[in-house]
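The block underneath contains the structure these notes are about, expressed in structure tokens.
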Amino acid sequence: VQIRTIAARRFAERGFAGTSLQAIADEVGISKPSLLYHYPSKEALRRAVLDDLFEHWRQTLPRLLEHVTSGEARFDALTEELIRFFRSDPNRARLIVREFMDRPEEIRREISGNLHTWIALVAQYIHKGRKSGELHADVDAESYVLHVVVLVVTTIAALPLLVAALTDGGRAAQEQHMRELVRLARTALFRSPAA
Numbered sequence: 033v034q035i036r037t038i039a040a041r042r043f044a045e046r047g048f049a050g051t052s053l054q055a056i057a058d059e060v061g062i063s064k065p066s067l068l069y070h071y072p073s074k075e076a077l078r079r080a081v082l083d084d085l086f087e088h089w090r091q092t093l094p095r096l097l098e099h100v101t102s103g104e105a106r107f108d109a110l111t112e113e114l115i116r117f118f119r120s121d122p123n124r125a126r127l128i129v130r131e132f133m134d135r136p137e138e139i140r141r142e143i144s145g146n147l148h149t150w151i152a153l154v155a156q157y158i159h160k161g162r163k164s165g166e167l168h169a170d171v172d173a174e175s176y177v178l179h180v181v182v183l184v185v186t187t188i189a190a191l192p193l194l195v196a197a198l199t200d201g202g203r204a205a206q207e208q209h210m211r212e213l214v215r216l217a218r219t220a221l222f223r224s225p226a227a
């Protein structure tokens, strides 16, 4: 786990091409041959780092959708988990942004192959909410889900810059920005009671 955590941070900071296996091994405190014993190539290590990200969602999403039944509670649970996951290690968000910039075709395939099923699953719940009148009728479900994921990932990746540019940069300011992100996502999805 330590190898993948350090690799994720280094890939996020310097990109895949700008990160050497030797640098990762040095930071972990092992030799490069020992690192290669666990991961036979830099690409295998990259694959393991990305698999960690996607495996979390394969495990977590069905459980959240199964245990939370109302539309607003489901929105809260999914949004909170998305934010919690990426904020617990912002390098995850930075890595995804870096991959989109440096290796767009590869990350597009990764996302399509790994996230398509759960995006479709969340979209089904949005379709049901549209039919019941709880959600805006014109919400494009798949597009909405992707936009929210991208909004959360890019906001968390850039949060230190956003907060420093707009406020004093403290933890309270970060929380304020994240609350506003959730408010925007909620407003775009749910109809107001008077509507």
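By the numbering used here, the letter at position 192 of the sequence shown is numbered 224, and the numbering carries on one by one without gaps. Ideal Cβ placement from N, Cα and C applies to all residues, glycine included.
- Under DSSP, L167 forms a beta bridge with F222.
- The straight-line gap separating the alpha-carbon atoms of K160 and L110 is approximately 16 Å.
- By a beta-carbon distance limit of 8 Å, F43 contacts V81. Their separation comes to about 7 Å.
- In the assembly as shown, A40 is a buried residue. Its beta-carbon has 16 or more other beta-carbons within 10 Å.
- Annotated as distal: Q206 and L193, with beta-carbon spacing of 8 Å or more.
- Of the other Cβ atoms in all chains shown, fewer than 16 fall within 10 Å of the Cβ of V33; this residue is therefore exposed.
- The closest CA to that of S120, considering only A189, S66, V214, is found on A189.
- Contact annotation: L96 and K74 have beta-carbon atoms that are not nearer than 8 Å.
- Here F107 really is in contact with R218; their C-beta atoms are around 7 Å apart, less than 8 Å.
- For R135, there is no enclosing alpha helix (DSSP H), since its DSSP letter is neither H nor E.
- Of the candidates G165, L127, E113, L93, the residue whose Cα lies closest to the Cα of L147 is L93.
- The Cβ neighbour count for T51, taken over all protein chains shown within 10 Å, is at least 16; the residue is labelled buried.
- Under the three-state reduction of DSSP output, P122 falls in the helix class.
- Just measuring C-alpha positions, the residue of H70, R46, P65, S63 sitting nearest R36 is H70.
- Note on L127: 16 or more other CB atoms within 10 angstroms of its CB, so buried under the neighbour-count rule.
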